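> Once you know that position 250 of the sequence shown is 256 in our numbering, the rest is easy, because the numbers rise by one and skip nothing.
Beta carbons: idealized from backbone N, C-alpha and C, even for Gly.
Quantities reported herein were computed from a predicted structural model and do not represent experimental measurements.
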Amino acid sequence: MSHPFGPNPFQTGPAPGLPPQPPPAPPREEVNALATLSVIFAFVFAPAGALFGHLGLAQVRRTGQRGRDRALVGVTLSYVVLTAAVVALVVGSVLPDAPPARTAAPATTTAAPSTTTATTTAAAPPPPPAVAPADLEGLLPSLDDVRNIAGDQNLKGDDPVRQLAPLNSKDAGYDPPDCAVTVAVGVGEVYTVQPVQGIFMTGYFDLQNAGNPRGSVQSVAALADAAAARTQLTNLQSTWARCAGAGLKLTYPDTHRTVGFAVDPPADSGGGVVTMEVRTQGQPVRFVLAMAAKDNVFVEVRASATASERAHRAALDVVNYVLGKIPG
7 MSHPFGPNPF
17 QTGPAPGLPP
27 QPPPAPPREE
37 VNALATLSVI
47 FAFVFAPAGA
57 LFGHLGLAQV
67 RRTGQRGRDR
77 ALVGVTLSYV
87 VLTAAVVALV
97 VGSVLPDAPP
107 ARTAAPATTT
117 AAPSTTTATT
127 TAAAPPPPPA
137 VAPADLEGLL
147 PSLDDVRNIA
157 GDQNLKGDDP
167 VRQLAPLNSK
177 DAGYDPPDCA
187 VTVAVGVGEV
197 YTVQPVQGIF
207 MTGYFDLQNA
217 GNPRGSVQSV
227 AALADAAAAR
237 TQLTNLQSTW
247 ARCAGAGLKL
257 TYPDTHRTVG
267 FAVDPPADSG
277 GGVVTMEVRT
287 QGQPVRFVLA
297 MAAKDNVFVE
307 VRASATASER
317 AHRAALDVVN
327 YVLGKIPG
């Protein structure tokens with residue numbers, strides 16, 4: 007079968023009008039390997055360099071390989087390095103040790119105690135203690151506090167939660183699953199910074215008016231230190247930002263009803279508080295999530311209302327209430 011584009015454009019023969027290429031040069035005779043190793047080891051380990059050099063010279067005489075001069079250089083360098091090392095050892099053993107350091111004058115010794123006293127007095131105070139897991143319950147607002155914050159006296163409380171729990175597929179189906187944190191608080195999968203020393207979460211809801219549901223869920227977690235709490239905040243903020251472009255669908259297993267949510271990007275609300283608004287598609291309900299970190303405590307809040315400004319204000323007020331309770 008002929009080539010569709012004519013003769014092979016990459017043929018190896020000479021082009022028309024040009025002389026053929028000369029034959030390749032014959033390969034050069036290899037240099038004795040032991041001669042090369044002799045030069046290398048002269049600086050790395052001189053005894054080995056001398057040994058390789060003598061062996062290389064013997065092979066060169068026997069086989070006629072190239073490398074006699076290189077082997078001689080390696081042997082010479084090896085013996086020079088060995089001689090220098092022996093001289094250094096002899097000189098080091100003969101010379102006396104350095105004289106001991108001279109002691110300070112009496113006047114300088116007398117003034118030393120006052121300097122030491124001044125340094126001890128200027129020591130920095132110890133850092134404030136971290137919040138213990140047993141103290142978490144006292145950080146969250148009570149039911150009456152949240153009623154006053156939300157302006158809703160019909161709020162009722164659920165049982166508090168004292169441990170993280172993973173998402174339960176029997177309760178609801180989230181799509182995508184990692185974006186469930188845009189509507190749920192205290193999700194176990196979110197707490198990637200370990201160890202979590204303790205957690206306390208409460209929820210208060212007013213469901214009397216189905217068209218205007220209100221509520222507030224607040225959670226505080228004690229981590230190892232302040233750096234861990236800040237890392238937890240940064241990680242969750244990154245998840246919020248990623249889910250802002252994807253949105254969320256929630257399917258309830260009992261009714262098989264699916265609800266969609268539009269997720270806004272997270273925003274800096276000042277004072278170290280990050281907020282995010284989530285809108286229920288086809289319904290007037292608005293969720294505002296807020297989070298912050300102080301000392302070793304990480305705070306999460308989700309407030310819901312039909313008016314986004316009201317939910318936003320309630321979420322901020324609860325977070326700031328908790329931050330005000332944390333020492334430091």
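Would you call the segment 135 to 142 in contact with the segment 222 to 237, where contact means no fewer than 3 C-beta pairs closer than 8 Å?
yes
> What separation, rounded to the nearest whole angstrom, lies between the Cα atoms of Met282 and Ala130?
Here residue 282 corresponds to residue number 276 of the sequence shown, with the count starting at 1. Here residue 130 corresponds to residue number 124 of the sequence shown, with the count starting at 1. One C-alpha to the other measures close to 39 Å.
> Leaving out five residues before and five after Thr237 in sequence, what residues of the same chain have Cβ atoms less than 6 Å from its Cβ?
The residue you call residue 237 lines up with position 231 of the sequence shown. Only Val199 meet the Cβ criterion.
> What number of angstroms, rounded off, separates the C-alpha of Val325 from the C-alpha of Leu149?
Here residue 325 is taken as the residue at index 319 of the sequence shown, counted from 1. Here residue 149 is taken as the residue at index 143 of the sequence shown, counted from 1. C-alpha separation (whole angstroms): 15 Å.
> Measure the CB-CB distance between Pro172 and Gly194 and report whether it falls below 8 Å.
As a first step, residue 172 is located in the sequence shown; it is residue number 166 there, counting from the start. As a first step, residue 194 is located in the sequence shown; it is residue number 188 there, counting from the start. Against a cut-off of 8 Å, the Cβ pair of Gly194 and Pro172 comes out as a contact.
> Out of Gly70, Leu40, Val66, Ala296, state which residue places its alpha-carbon closest to the alpha-carbon of Gly277.
Stepping through the sequence shown from its first residue, residue 277 is reached at position 271. Ranking the options by Cα distance to Gly277, first place goes to Ala296.
> Mind the definition here: the segment 159 to 170 touches the segment 244 to 256 only if three or more C-beta pairs lie below 8 Å; say whether that holds.
no
> Report yes or no: do the segment 182 to 191 and the segment 248 to 262 share at least 3 C-beta pairs separated by less than 8 Å?
yes
> From the DSSP output, in three-state form, read off Thr82 for me.
Within the sequence shown, the letter at position 76 stands for residue 82. Helix at Thr82.
> Using CA coordinates, which residue listed in Asp75, Pro290, Leu242 is at the minimum distance from Val2?
Lying before the first or after the last residue shown, residue 2 is absent from the chain, which here runs from 7 to 334.
> Kindly provide the ranges of any alpha helix (DSSP H) runs that are 4 or more residues long and lie completely inside the segment 198 to 229, ordered along the chain.
DSSP runs (the alpha helix (DSSP H)) wholly in the segment 198 to 229: none.
> Along the chain, where does the beta strand (DSSP E) that runs through Thr281 open and close?
The count along the sequence shown starts at 1 and reaches residue 281 at position 275. Its beta strand (DSSP E) spans residues 280 to 286.
> In whole angstroms, give me the CA-to-CA distance for Gln335 and Phe47.
No statement about residue 335 is possible, as the shown extent of the chain runs from 7 to 334 and does not include it.
> Out of Asp260, Ser225, Asp301, Ala273, which one is the CA nearest neighbour of Ala234?
Within the sequence shown, the letter at position 228 stands for residue 234. When only C-alpha atoms are compared, the closest one is Asp301.
> Under the three-state reduction of DSSP, which class applies to Ser275: helix, strand or coil?
In the sequence shown, counting from the first residue as 1, residue 275 sits at position 269. If DSSP states are grouped into helix, strand and coil, Ser275 belongs with coil.
> Per DSSP, what are the beta-bridge partners of Asp181 in this structure?
Stepping through the sequence shown from its first residue, residue 181 is reached at position 175. Beta-bridge pairing links Asp181 to Lys255.
> Taking all protein chains shown into account, do 16 or more other C-beta atoms lie within 10 angstroms of the C-beta of Arg308, making it buried, or fewer, making it exposed?
Counted from its first residue, the sequence shown places residue 308 at position 302. Buried, by the Cβ-count rule.
> Determine the direct distance from the alpha carbon of Val269 to that of Asp181, and round the result to whole angstroms.
For the purposes of this step, residue 181 is taken as residue 175 along the sequence shown, with counting starting at 1. For the purposes of this step, residue 269 is taken as residue 263 along the sequence shown, with counting starting at 1. Asp181 and Val269: Cα-Cα distance of roughly 13 Å.
> Straight-line CA distance for Gly73 to Val66?
Stepping through the sequence shown from its first residue, residue 73 is reached at position 67. Stepping through the sequence shown from its first residue, residue 66 is reached at position 60. Each residue's alpha carbon lies about 7 Å from the other.
> Ser310 by DSSP, collapsed to three states: which one?
Numbered from 1 along the sequence shown, position 304 holds the residue referred to as residue 310. Note: Ser310 maps to strand in three-state DSSP.
> Of the residues Phe267, Ala299, Thr82, Arg316, which one's Cα is nearest the Cα of Gly253?
Numbered from 1 along the sequence shown, position 247 holds the residue referred to as residue 253. Residue Phe267 is the option with its Cα nearest to Gly253.
> Excluding the five sequence neighbours on either side, which residues of its own chain have a C-beta within less than 7 Å of the C-beta of Phe58, listed in chain order?
Within the sequence shown, residue 58 is the residue found at index 52, counting from 1. Counting only Cβ-Cβ distances below 7 Å, and skipping sequence neighbours, we find Leu40, Leu43, Ser44, Phe47, Gly80.
> Quick check on the burial criterion: 16 or more other C-beta atoms within 10 angstroms. Buried or exposed for Arg76?
Translated into the one-based positions of the sequence shown, residue 76 becomes position 70. Buried, by the Cβ-count rule.
> Of the residues Tyr197, Tyr210, Val37, Val50, which one's Cα is nearest the Cα of Leu83?
Here residue 83 refers to the residue found at position 77 of the sequence shown. Comparing Cα positions, the closest option is Val50.
> According to DSSP, simplified to helix, strand and coil, what is Thr261?
Indexing the sequence shown from 1 puts residue 261 at position 255. Three-state result, Thr261: coil.
> Take Leu161 and list the residues in its own chain whose beta-carbon comes closer than 8 Å to its own, dropping the five residues that flank it on each side.
Counted from its first residue, the sequence shown places residue 161 at position 155. These residues qualify, in order along the chain: Leu149, Val152, Arg153, Tyr210, Phe211, Asp212, Arg220, Gly221, Ser222.
> Drop a sphere of 10 angstroms on the beta-carbon of Glu306, count the other beta-carbons inside from all chains shown, and report buried for 16 or more, exposed for fewer.
For the purposes of this step, residue 306 is taken as residue 300 along the sequence shown, with counting starting at 1. Under this definition Glu306 is a buried residue.
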